[in-house]
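Protein sequence lines correspond, in order, to chains B and V.
Residues in the first sequence are numbered from 1 upward in steps of one, following the numbering used here.
Residues in the second sequence are numbered from 1001 upward in steps of one, following the numbering used here.
There are 2 protein chains.
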Amino acid sequence: MFIGAIEAGGTKIVCGIGKEDGQIVDRVSFPTENPDVTIPRIVEYFRDKSIEAIGVGTFGPINLDKNSPQYGFITTTPKPGWSNFDFLGTLKTFFDLPFGWDTDVNAAALSEAVWGAAKNLDSCVYYTIGTGVGVGVYAEGRLVHGLMHPEGGHVPVKRHPDDAFAGFCPYHSDCLEGMAAGPAIEKRWGIKGSELPVDHPAWAMEAHYIGQALTSTILMLAPKKIILGGGVMHQEQLFPLIRSEVQKNLNGYMNIPEIVSGIDSYIVPPGLGDNAGLCGALALGLAALKQGS
Amino acid sequence: MFIGAIEAGGTKIVCGIGKEDGQIVDRVSFPTENPDVTIPRIVEYFRDKSIEAIGVGTFGPINLDKNSPQYGFITTTPKPGWSNFDFLGTLKTFFDLPFGWDTDVNAAALSEAVWGAAKNLDSCVYYTIGTGVGVGVYAEGRLVHGLMHPEGGHVPVKRHPDDAFAGFCPYHSDCLEGMAAGPAIEKRWGIKGSELPVDHPAWAMEAHYIGQALTSTILMLAPKKIILGGGVMHQEQLFPLIRSEVQKNLNGYMNIPEIVSGIDSYIVPPGLGDNAGLCGALALGLAALKQGS
């Protein structure tokens, strides 16, 4: 059995075919251009494939309310052509199949729970820290949505005492994304994060912000695993720094083994590595097939 | 059909009998003393009642992991006699009935979703702000637990610029509870909150802290309703101040009607008023009966 997967990012679209065990057997990618250009490419790729469902994990914000006439739309993105675009509805006119539909980060959280670092667990939180910060939440065996999907990249954070950087988020200036996403590092230090040495003070500052957000996440949701992906997290020296921040912040309050003694296997990189996104779309497609939606 | 309900607080225990529609038909309350004194009182109350299940919403922290030998225990409380006490297991030796078991705040969140301010919604977050701060999370139609239950009262918060108070939380000093619970107000201003005038600057400061926590909650979970209970929230002037803080913090980022134009009916007091706790235990009992657990 084969399932189609669409990982729609702001810069590129990855389409693939995968199996029930999470194995990706084929993939293709192309730049995210105007939907008039991009949709035909997606349709062309899947047209001759024997697939039983398609999952879409996409950039957002998106409408996830099945009772809304705008369900399946990309909503307020500045990306030309995609604002208020009926992404899911357009795909459905070409394929009479069950469709899964969620954000790229919720998809990644799901794939990590099904096949990755949170396998066999009923909860995890997935952070991607790169050009922006995104959060996917999986709790009690389900992806979490409410009025909309999580936008946890924009939570307020306390400033690091040595940090004079104003923050770059156009809405909140010094929220988590404004202080800790890749562009914040570059603007604060005048050099790309990937070019900073591993013992540069930038990383302790970065861990201060990420650790703070993770502390709140643990206190609010106590997920069974926290997974940190995205370009910034390729800086592996961040992991021990972030784990220390979390323990320092909690100060023994959540006295559970995963946090007190097992934190090295509690706050971890994606088990699926760079496949988390596409596998996430695959997992959404599989779930849609099972639900017949 | 009648269901038993136990609302176990740090100072008093309320036992009651209720019906499927949330109506409480009988209740009794007594101080929370040592379990040797308290358990027999609970047993005595329910002994001659024709009930089909019992729900327990209790102070914590508690063990909620059904695979743990300590499932049903009160864990690390300083309350004499209750630390590492098998509360649920002890009750089960007296009553061969399905038992519901969760924190008092999760119970309150559930009752508000079943009969109260979040009726017919599949998500809500319940805050109680009183002697301490507690949070119950209901998402995707389920109460949320992970490694343990939420402890969202202890999330980090940014200080108000005019606030020199150190905070009173023994673990984190200036976390939400340390800055915004009843004792913080009293220690900061030297007078009980209930004796401060409604236009005192204490309330704007209080709204700063609560509004910040709610902002994070909305960004992480986007619950369909936020319910604020507890003694501090009897100060009704706080509601408009908190709503303004949330809108100011989000700064138009979550552009959804509930927050932009409908916030007066989005951040609200408990629909069940002072019955939220006992009704919550009732709802836990009903849920246990349906699941046959």
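Think of the CB as a built atom: it goes at the ideal place given N, C-alpha and C, for glycine as much as any other residue.
From a predicted model like this one, the values you see are computed outputs, not experimental measurements.
Interface positions of the stretch 219–232 of chain B facing chain V (Cβ-Cβ less than 7 Å), listed along the chain: In summary, the residues of the stretch 219–232 of chain B whose CB is separated from some CB of chain V by less than 7 Å are L219, M220, L221, A222, P223, K224, in the order they occur in the chain.
How about B/T217 and B/I226: are their beta carbons less than 8 Å apart? Contact: yes.
Residue closest to B/H234, alpha-carbon to alpha-carbon, out of B/M205, B/E245, B/G273: B/H234 has its Cα closest to that of B/G273, out of B/M205, B/E245, B/G273.
Could you check if B/M205 is buried or exposed, using at least 16 other CB atoms within 10 Å of its CB as the buried criterion? So B/M205 counts as buried.
Between the C-alpha atoms of B/G57 and B/Y266, what's the straight-line distance to the nearest angstrom? B/G57 and B/Y266: Cα-Cα distance of roughly 25 Å.
So, are the CB atoms of B/I210 and B/I129 less than 8 Å apart? A distance below 8 Å separates the beta carbons of B/I210 and B/I129.
Could you work out which residues of chain V lie near B/H160, taking near to mean beta carbons separated by less than 8 Å? Under the 8 Å cutoff, chain V gives no residues; its nearest Cβ is about 12 Å from B/H160.
Going by the beta-carbon positions, is the gap between V/G1277 and V/A1109 smaller than 8 Å? Not in contact: V/G1277 and V/A1109 (Cβ atoms no closer than 8 Å).
Separation of V/E1195 from V/E1186, as counted between CA atoms: Straight-line Cα distance between these residues: approximately 10 Å.
So what's B/R159 in DSSP terms, helix, strand or just coil? DSSP places B/R159 in coil when its eight states are reduced to three.
Quick one: list the residues of chain V neighbouring B/S68, beta-carbon separation under 9 Å, in chain order. Below the 9 Å Cβ cutoff, chain V contributes no neighbours of B/S68, its closest Cβ being approximately 11 Å away.
List the DSSP bridge partners of V/T970. With chain V covering 1001 to 1293 only, the question about residue 970 of chain V has no answer from this structure.
Return no unless some Cβ of chain B is closer than 8 Å to the Cβ of V/G1252. For V/G1252, the answer is yes, since a Cβ of chain B falls inside 8 Å of its Cβ.
Taking any Cβ of chain V, which residues in the stretch 166–177 of chain B have a Cβ under 8 Å from it, in chain order? Those residues of the stretch 166–177 of chain B that come within reach of chain V (Cβ to Cβ, closer than 8 Å) are Y171, H172.
Counting only runs of 4+ residues fully inside the stretch 1027–1072 of chain V, write out the alpha helix (DSSP H) ranges in chain order. As far as the stretch 1027–1072 of chain V is concerned, its whole alpha helix (DSSP H) runs of at least 4 residues are 1035–1047.
Roughly how many angstroms lie between the CA atoms of B/T103 and V/R1047, to the nearest whole one? The C-alpha of B/T103 lies about 52 Å from the C-alpha of V/R1047.
Would B/A118 pass as an interface residue toward chain V - the criterion being a Cβ-Cβ separation below 8 Å? When Cβ-Cβ separations below 8 Å define contact, B/A118 makes no contact with chain V.
Quick one: is V/Q1212 buried, meaning 16 or more other Cβ sit within 10 Å of its Cβ, or exposed? Per the 10 Å Cβ criterion, buried.
Assuming V/A1005 contacts V/G1016 under a Cβ cut-off of 8 Å, what Cβ separation, rounded to an integer in Å, is found between them? Between the beta-carbon of V/A1005 and that of V/G1016 there is about 5 Å, and that keeps the pair under the 8 Å contact cut.
So with Cβ pairs under 8 Å, would you call V/M1205 a contact of chain B? Contact with chain B is absent for V/M1205, since none of that chain's Cβ atoms lies less than 8 Å from the residue's Cβ.
State yes or no: is the beta carbon of V/I1256 nearer than 8 Å to at least one beta carbon in chain B? Yes, its Cβ sits closer than 8 Å to a Cβ of chain B.
Contact criterion: CB-CB distance below 8 Å. Does B/A139 meet it with respect to chain V? Yes, contact with chain V.
So does the stretch 1020–1031 of chain V actually touch the stretch 28–44 of chain B, counting three or more Cβ pairs closer than 8 Å? Using a C-beta cut-off of 8 Å, the stretch 1020–1031 of chain V makes no contact with the stretch 28–44 of chain B, since fewer than three inter-stretch Cβ pairs fall below that distance.
Any chain V beta carbon closer than 8 Å to B/G10: Output row for B/G10: interface = no.
Which residues in chain V sit within 7 Å of B/H154, going by Cβ to Cβ distance? The answer, in chain order, is L1219, Y1253.
So, for V/V1144: in the same chain, excluding its five sequence neighbours on each side, which residues have a beta-carbon less than 6 Å away from its beta-carbon? Closer than 6 Å at Cβ, skipping near neighbours: V1137.
Limits of the unbroken alpha helix (DSSP H) element including V/K1019: Segment: none, V/K1019 is in no alpha helix (DSSP H) and carries neither H nor E.
Hey, could you find the ends of the beta strand (DSSP E) B/I3 is sitting in? If you look at B/I3, you'll find it in the beta strand (DSSP E) that goes 3–8.
Please check if any C-beta of chain B sits within less than 8 Å of the C-beta of V/Q1291. Answer no: the Cβ-Cβ gap between V/Q1291 and chain B never drops below 8 Å.
Can you have a look at B/D162 and say buried or exposed, based on whether 16 or more other CB atoms are within 10 angstroms of its CB? By the Cβ-count criterion, B/D162 is exposed, with fewer than 16 other Cβ atoms from all chains shown falling within 10 Å of its own Cβ.
To the nearest angstrom, how far is the alpha carbon of B/P183 from that of B/C169? Across the structure, B/P183 and B/C169 are spaced so that their CA atoms are roughly 10 Å apart.
To the nearest angstrom, how far is it from the Cα of V/F1002 to the Cα of B/A180? Those two C-alpha atoms are separated by around 53 Å.
Using three-state DSSP, classify V/V1143 as helix, strand or coil. Checking the sequence, you will find Leu at residue 1143 of chain V rather than Val. Three-state DSSP puts V/L1143 in a strand.
Rounding to the nearest angstrom, what Cα-Cα distance links B/E177 and B/P78 in this structure? Between B/E177 and B/P78, the C-alpha separation is close to 17 Å.
Could you say which of B/V133, B/G132, B/V114, B/T131 lies nearest to B/C124 if we only look at CA atoms? Distances from the CA of B/C124 to each of B/V133, B/G132, B/V114, B/T131 were compared; the closest alpha carbon is that of B/V114.
Just how far apart, CA to CA, sit B/D199 and B/I191? Taking the Cα positions, B/D199 is about 15 Å away from B/I191.
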